[in-house]
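Asks: Below are the structure tokens for one structure; questions will follow.
Number of protein chains: 2
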Amino acid sequence: MQTFRDRAAAAYDAERFRRQGHQLVDQLADYLASATRGALPVMPPEPPAENLARFPAAFPEEPAGELHPFLERVLAASHHLHHPRYVGHQVSAPLPLAALCDFVSALLNNGMAVYEMGPAATAMELNVLRWMGGQLGLPEGAGGVLTSGGSVGNLTALLAARQARAGYDAWNGGASAGPPLTVLVPETAHYCIARATKLMGWGAAGITPVAVDAHFRLRPEALEEALAAATRAGRRPIAVVACAGSTATGAFDPLEAVADFCERHGLWFHVDGAHGASAALSPRYRHQLKGLERADSVVWDAHKMMMVPALITAVLFRDSARSFEAFAQEASYLFHGQDTRRWSDLGLRTLECTKEMMGLKLYACLSLLGTRFFADHVTASFDLARRFAERLRTSGDFEVAVPPDCNIVCFRHTPAGVPASELDALQGRLRERLISRGDFYLVQTTLPKGVYLRTTLINPLTSDADLEALMDALRGLR
Amino acid sequence: MQTFRDRAAAAYDAERFRRQGHQLVDQLADYLASATRGALPVMPPEPPAENLARFPAAFPEEPAGELHPFLERVLAASHHLHHPRYVGHQVSAPLPLAALCDFVSALLNNGMAVYEMGPAATAMELNVLRWMGGQLGLPEGAGGVLTSGGSVGNLTALLAARQARAGYDAWNGGASAGPPLTVLVPETAHYCIARATKLMGWGAAGITPVAVDAHFRLRPEALEEALAAATRAGRRPIAVVACAGSTATGAFDPLEAVADFCERHGLWFHVDGAHGASAALSPRYRHQLKGLERADSVVWDAHKMMMVPALITAVLFRDSARSFEAFAQEASYLFHGQDTRRWSDLGLRTLECTKEMMGLKLYACLSLLGTRFFADHVTASFDLARRFAERLRTSGDFEVAVPPDCNIVCFRHTPAGVPASELDALQGRLRERLISRGDFYLVQTTLPKGVYLRTTLINPLTSDADLEALMDALRGLR
Numbered sequence: 169m170q171t172f173r174d175r176a177a178a179a180y181d182a183e184r185f186r187r188q189g190h191q192l193v194d195q196l197a198d199y200l201a202s203a204t205r206g207a208l209p210v211m212p213p214e215p216p217a218e219n220l221a222r223f224p225a226a227f228p229e230e231p232a233g234e235l236h237p238f239l240e241r242v243l244a245a246s247h248h249l250h251h252p253r254y255v256g257h258q259v260s261a262p263l264p265l266a267a268l269c270d271f272v273s274a275l276l277n278n279g280m281a282v283y284e285m286g287p288a289a290t291a292m293e294l295n296v297l298r299w300m301g302g303q304l305g306l307p308e309g310a311g312g313v314l315t316s317g318g319s320v321g322n323l324t325a326l327l328a329a330r331q332a333r334a335g336y337d338a339w340n341g342g343a344s345a346g347p348p349l350t351v352l353v354p355e356t357a358h359y360c361i362a363r364a365t366k367l368m369g370w371g372a373a374g375i376t377p378v379a380v381d382a383h384f385r386l387r388p389e390a391l392e393e394a395l396a397a398a399t400r401a402g403r404r405p406i407a408v409v410a411c412a413g414s415t416a417t418g419a420f421d422p423l424e425a426v427a428d429f430c431e432r433h434g435l436w437f438h439v440d441g442a443h444g445a446s447a448a449l450s451p452r453y454r455h456q457l458k459g460l461e462r463a464d465s466v467v468w469d470a471h472k473m474m475m476v477p478a479l480i481t482a483v484l485f486r487d488s489a490r491s492f493e494a495f496a497q498e499a500s501y502l503f504h505g506q507d508t509r510r511w512s513d514l515g516l517r518t519l520e521c522t523k524e525m526m527g528l529k530l531y532a533c534l535s536l537l538g539t540r541f542f543a544d545h546v547t548a549s550f551d552l553a554r555r556f557a558e559r560l561r562t563s564g565d566f567e568v569a570v571p572p573d574c575n576i577v578c579f580r581h582t583p584a585g586v587p588a589s590e591l592d593a594l595q596g597r598l599r600e601r602l603i604s605r606g607d608f609y610l611v612q613t614t615l616p617k618g619v620y621l622r623t624t625l626i627n628p629l630t631s632d633a634d635l636e637a638l639m640d641a642l643r644g645l646r
Numbered sequence: 169m170q171t172f173r174d175r176a177a178a179a180y181d182a183e184r185f186r187r188q189g190h191q192l193v194d195q196l197a198d199y200l201a202s203a204t205r206g207a208l209p210v211m212p213p214e215p216p217a218e219n220l221a222r223f224p225a226a227f228p229e230e231p232a233g234e235l236h237p238f239l240e241r242v243l244a245a246s247h248h249l250h251h252p253r254y255v256g257h258q259v260s261a262p263l264p265l266a267a268l269c270d271f272v273s274a275l276l277n278n279g280m281a282v283y284e285m286g287p288a289a290t291a292m293e294l295n296v297l298r299w300m301g302g303q304l305g306l307p308e309g310a311g312g313v314l315t316s317g318g319s320v321g322n323l324t325a326l327l328a329a330r331q332a333r334a335g336y337d338a339w340n341g342g343a344s345a346g347p348p349l350t351v352l353v354p355e356t357a358h359y360c361i362a363r364a365t366k367l368m369g370w371g372a373a374g375i376t377p378v379a380v381d382a383h384f385r386l387r388p389e390a391l392e393e394a395l396a397a398a399t400r401a402g403r404r405p406i407a408v409v410a411c412a413g414s415t416a417t418g419a420f421d422p423l424e425a426v427a428d429f430c431e432r433h434g435l436w437f438h439v440d441g442a443h444g445a446s447a448a449l450s451p452r453y454r455h456q457l458k459g460l461e462r463a464d465s466v467v468w469d470a471h472k473m474m475m476v477p478a479l480i481t482a483v484l485f486r487d488s489a490r491s492f493e494a495f496a497q498e499a500s501y502l503f504h505g506q507d508t509r510r511w512s513d514l515g516l517r518t519l520e521c522t523k524e525m526m527g528l529k530l531y532a533c534l535s536l537l538g539t540r541f542f543a544d545h546v547t548a549s550f551d552l553a554r555r556f557a558e559r560l561r562t563s564g565d566f567e568v569a570v571p572p573d574c575n576i577v578c579f580r581h582t583p584a585g586v587p588a589s590e591l592d593a594l595q596g597r598l599r600e601r602l603i604s605r606g607d608f609y610l611v612q613t614t615l616p617k618g619v620y621l622r623t624t625l626i627n628p629l630t631s632d633a634d635l636e637a638l639m640d641a642l643r644g645l646r
């Protein structure tokens, strides 16, 4: 009988890995070829219960089956983001090169809470952050961490804001050590901002909404009003969160005006640039971020507009030291010595302990593909969105919610003869039919004027022709 | 001149990916062969500044260089967890099969905040959670989410505890809607528990420490005392957190006694089983988890004892519905319809929005390698730790901090002639020398009796002979 050591030696055997790896590369290359030429449905239409039965909670006691057929089933039942007609959520169609880097990260598993657990990974993370800070125009001395996703990233920034501006030691003293806090947030912000403040124990009033204009951009004039309302409600406002861009429509708030307001009132200025901070890379569109360079903190997801797989979120602070203040802990098994701000131990600055070597994929892609490729992707996708919006606007049977600030376009089909009261239901129905047919994937959102179809043109392979085909498909579905 | 579309087509070209992929598989297989036979230093000894210079924050504008030589530099400057003499932190030496699955996940990038963004991934996640709940003896109806790491996992569980037991709506009403809260936590808990409570605005008093015994296990008799102390301090205790096992020494708290106490006082019972919940898989050691089946919530990291790469943390609730209560949000672009508890939209239950297809690697490894392999790994590594501790104890020149409950062994070298006052400094010095020489990697921790060397026997390739060699190496270093 085989001992566990024998079986472990086989499971870790390099030659077995080599064989399985080569087979997998061929399987994934074939898959990528099909997906990029649109030869499979964008999203398989199976309802949840069916997939649940297909991948049951039952595992054999002894080895069984092979990787290849198992993965064929996984591939078939997954969403295919490389399909040029994937125009849904803000998730990248990953560069194959970046996926290769994540493969390396998975095998190395360098955890990075302390420098020793990921020497190269720590260096790449710190320097990729430095480059990102530079792209945003933040001063020397800016810095922060990479973390697992925009929600955790925004929470990290708000924790630093709390520590810096509450006027009391909220970390050690708790919420009862001073007045309840609030942040001014445009109505259009991502739900994770409200979630972060509720998590910190500020309740629903932890968010003070700031009105937006017809373009869904924060109205600077509304800030004074929001500040007064917060104060009247017995809250201490400590920060303004601005969006670049907002999730539903991709609107870029007027950052310069928000920066002025924050300066005037001594408020922390945080920019949720999860999607849109990448605009800084584009000479044509970076003007939309004017004022960002004055932010105290910024969140930027590379897994949105930088073509790398999730998760890799940069939390950047204008003053790198702030990133140590959000957290403080003792753990002698991890952090030795007296220095609680050691720059090389990233675990001191993040909610996470062990994390992935997330800097590797971005560092490698920037090194090997060059920065212009990323700049051009931003420019091309924003350009494409403007052309698509113009085509919709002049079509006669489509309506654009708002001219796009970036690569998110919300629109609806308004065919002749459909009464206004039925337009909302029509959009939902069209989407359902279209995605279950598998030739496109797009989403929907509810704006003040009603339900709109929502597209994010994030896949570099999506062309004008694909978007024309989308309009035709919608027309044909009625 | 090449347009961006041409360059994008090249970057996403399946045949280019195939070539790079095959080359990478060979590179990684060669690397794995070296690492598993210990043919390279466990951790490269370069100080942080040196690596920072080696991976500078400067990127070319145009494409430059090749993946292979770039990755050679990354591999050389990384920590090699597959080396049999890696006996450091609680991070797995990943199964090559699991790394292949993460590669698939990276290419597919199925985000999973909603079912549509990851149909197969959602099904695998829900069913792998179901299987895990079953292994822990939780009732039918248990469930939860996979999330990015134990820190986020423990926070998620404590948010649910707050919502269930605060006695007021802390989510919407905030901390000021009721008395300040606290949780009873053994002194030995991971720092992320205190961090979670400080994050929620409970301050330093959000943790009420519970004394541990000489074995570093929570003393059940101390719970009443802690409860009284919390109440005297004007705090409302809502939960007890128990460890299985603790980070520094791997001690398993007496869960049955804690369950009784929680039941008696109506407290939420949370178990941080990040490392040790895997003991449930081992017929020989699962008795150490007796009482866990009565927990309200459990955290279990598969990236620790289940040989898969970080991150994959299960947050399991005895009542699956609790996992919706920790969070509540509106986001019409993401969650359509009225049902805020739709079982198939995982984003409703987690701090995260987009996350990785983290269930895939565990689902695949359990399916293809069988469950006994994982059970045997737990048994073998716990056995190995007991033999190692016995060898140290009887050696005459080593001292074990405490007989190990799991696969974490803390010890120190006590050679004849070294006065007790110099033993702490000696351990730190020995560790420094040993890891800079590159033949072992281990860590250190400070216990009440002083500084100890700390090993986690988590790599299935580590043998008794390696641990004997470790003792000899330490002896030779003086």
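Those sequence lines, one after another, are chains F and U. Residues in the first sequence are numbered from 169 upward in steps of one, following my numbering. Residues in the second sequence are numbered from 169 upward in steps of one, following my numbering. Even for Gly, the Cβ is constructed at its ideal location relative to N, Cα and C. Note that the structure is predicted; figures quoted are calculated from it, not measured.
Along the chain, which unbroken stretches of the alpha helix (DSSP H) at least 4 residues long are found entirely within the region 489-572 of chain U?
Replies: Entirely contained in the region 489-572 of chain U, the alpha helix (DSSP H) runs reaching 4 residues are, in chain order, 490-493, 526-537 and 539-561.
Asks: Among the residues of its own chain, which have a CB less than 7 Å from the CB of ALA310(F), if the five just before and after it don't count?
Replies: Counting only Cβ-Cβ distances below 7 Å, and skipping sequence neighbours, we find GLY301, LEU484, PHE485, ARG486 and SER488.
Asks: Taking the straight line between their C-alpha atoms, what separation do you get for VAL353(U) and ALA410(U)?
Replies: Cα-Cα distance, rounded: 7 Å.
Asks: Any idea what DSSP makes of ARG385(F), helix, strand or coil?
Replies: Coil at ARG385(F), not helix or strand.
Asks: Could you compute how far the alpha carbon of LEU602(F) sits from the alpha carbon of ARG253(F)?
Replies: Cα to Cα, the separation comes out at about 11 Å.
Asks: Within 8 Å (strictly less), CB to CB, does ALA357(U) reach chain F?
Replies: With 8 Å as the cut-off, ALA357(U) does not count as an interface residue toward chain F.
Asks: Roughly how many whole angstroms lie between the Cα atoms of ASP607(U) and ASN627(U)?
Replies: For ASP607(U) and ASN627(U), the distance between alpha carbons rounds to 15 Å.
Asks: For TYR531(F), go through chain U and note every residue whose CB falls closer than 8 Å to its CB, in chain order.
Replies: In chain order: PHE223.
Asks: Grab the span of the alpha helix (DSSP H) containing LEU276(U) for me, first residue to last.
Replies: That run of the alpha helix (DSSP H) goes 264-276.
Asks: Leaving aside the five residues before and after LEU270(F) along the sequence, list all residues of the same chain whose C-beta is less than 7 Å from its C-beta, in chain order.
Replies: Leu is not the amino acid found at residue 270(F); the sequence shown has Asp there. Contacts found: PRO477 and LYS529.
Asks: What residue from ASP573(U), ASP381(U) and TRP370(U) has the CA that sits closest to ALA398(U)'s CA?
Replies: Out of ASP573(U), ASP381(U) and TRP370(U), TRP370(U) has the C-alpha closest to the C-alpha of ALA398(U).
Asks: At the level of alpha carbons, what is the spacing between MET368(U) and TYR336(F)?
Replies: About 15 Å.
Asks: Can you list, in chain order, the residues of the region 255-273 of chain U whose Cβ is nearer than 9 Å to any Cβ on chain F?
Replies: Those would be GLY256, HIS257, GLN258, VAL259, SER260, ALA261, PRO262, LEU263, PRO264, LEU265, ALA266, ALA267, LEU268, CYS269, ASP270, PHE271, VAL272 and SER273, in chain order.
Asks: Count the C-beta pairs between the region 205-217 of chain U and the region 246-265 of chain U that are closer than 8 Å, then say yes if the count reaches three, no if not.
Replies: Touching, per the Cβ criterion.
Asks: For the putative contact between ALA364(U) and LEU323(U), defined by C-beta atoms under 8 Å, what is the C-beta separation to the nearest angstrom?
Replies: Right, the Cβ-Cβ distance comes to about 4 Å (below 8 Å), so this counts as a contact.
Asks: Out of curiosity, what's the CA-to-CA distance linking THR315(F) and GLY564(U)?
Replies: Computed Cα separation, rounded: 46 Å.
Asks: At 7 Å on the CB atoms, spell out the chain U contacts of GLN170(F), in chain order.
Replies: Within chain U, no residue comes near GLN170(F); the closest Cβ sits about 10 Å away, beyond 7 Å.
Asks: Of the residues that make up the region 390-416 of chain F, which ones have a beta carbon closer than 7 Å to any beta carbon in chain U?
Replies: Residues THR415 and ALA416.
Asks: Go to GLN258(F), then tell me how far its alpha helix (DSSP H) extends in each direction, as first and last residue.
Replies: Premise fails: GLN258(F) is in no alpha helix (DSSP H) and is neither H nor E.
Asks: At a CB-CB cut-off below 9 Å, which residues of chain F make contact with MET474(U)?
Replies: Simply none; closest approach about 12 Å.
Asks: Count the other C-beta atoms from every protein chain shown that fall within 10 angstroms of the C-beta of GLU284(F), then say buried if there are 16 or more, exposed otherwise.
Replies: With 16 or more Cβ atoms within 10 Å of its Cβ, GLU284(F) is classed as buried.
Asks: Can you tell me whether DSSP reads ASP487(U) as helix, strand or coil?
Replies: If DSSP states are grouped into helix, strand and coil, ASP487(U) belongs with coil.
Asks: Just tell me which of PHE566(U), ALA427(U), THR415(U) and ARG605(U) has its CA closest to the CA of GLY459(U).
Replies: Nearest option by C-alpha distance: ALA427(U).
Asks: Rounded to whole angstroms, what is the Cα-Cα separation between ALA390(U) and GLU355(U)?
Replies: Using only the alpha carbons, I get a separation of about 11 Å.
Asks: Going by C-alpha to C-alpha distance, which of GLN258(U), ASP634(U) and ALA379(U) sits closest to ARG559(U)?
Replies: Ranking GLN258(U), ASP634(U) and ALA379(U) by Cα distance to ARG559(U) puts ASP634(U) first.
Asks: Can you list, in chain order, the residues of its chain whose CB lies under 8 Å from that of GLY596(U), leaving out five sequence neighbours each side?
Replies: So the qualifying residues of the chain are GLN612 and VAL619.
Asks: Output the distance between the C-alpha atoms of GLU636(U) and PHE541(U), rounded to the nearest integer angstrom.
Replies: When rounded, the distance between both Cα atoms is 25 Å.
Asks: On the DSSP bridge assignment, give the partners of TRP436(F) in chain order.
Replies: TRP436(F) pairs with ALA407(F).
Asks: Determine whether the beta carbon atoms of GLY418(U) and GLY444(U) lie at a separation below 8 Å.
Replies: Yes, the Cβ-Cβ distance between GLY418(U) and GLY444(U) is below 8 Å.
Asks: Can you find the residues in the same chain that come closer than 6 Å, C-beta to C-beta, to SER450(U), ignoring five residues on each side of it along the sequence?
Replies: Closer than 6 Å at Cβ, skipping near neighbours: ALA543, VAL546 and THR547.
Asks: For GLU590(U), which residues of its own chain have a beta-carbon under 6 Å away from its beta-carbon, when the five flanking residues on both sides are left out?
Replies: Contacts found: none.
Asks: I want to see whether chain F comes within less than 8 Å of MET368(U), judged by CB atoms only; does it?
Replies: Yes, because at least one Cβ of chain F sits closer than 8 Å to the Cβ of MET368(U).
Asks: I want to verify the contact list: residues of chain U whose CB lies under 7 Å from the CB of ASN277(F), in sequence order.
Replies: Near ASN277(F) (Cβ distances below 7 Å), the residues of chain U are LEU249, VAL259, SER260, PRO262, PRO477 and ALA478.
Asks: Measuring CB to CB, does THR582(U) end up less than 8 Å from GLU567(U)?
Replies: In this structure, GLU567(U) lies closer than 8 Å to THR582(U) by Cβ.
Asks: Helix, strand or coil for THR630(F) per DSSP?
Replies: DSSP places THR630(F) in coil when its eight states are reduced to three.
Asks: Nearest by alpha-carbon distance to ALA532(U): which of ALA334(F), ARG454(F) and PHE227(F) is it?
Replies: If we check each option's Cα against that of ALA532(U), PHE227(F) comes out closest.
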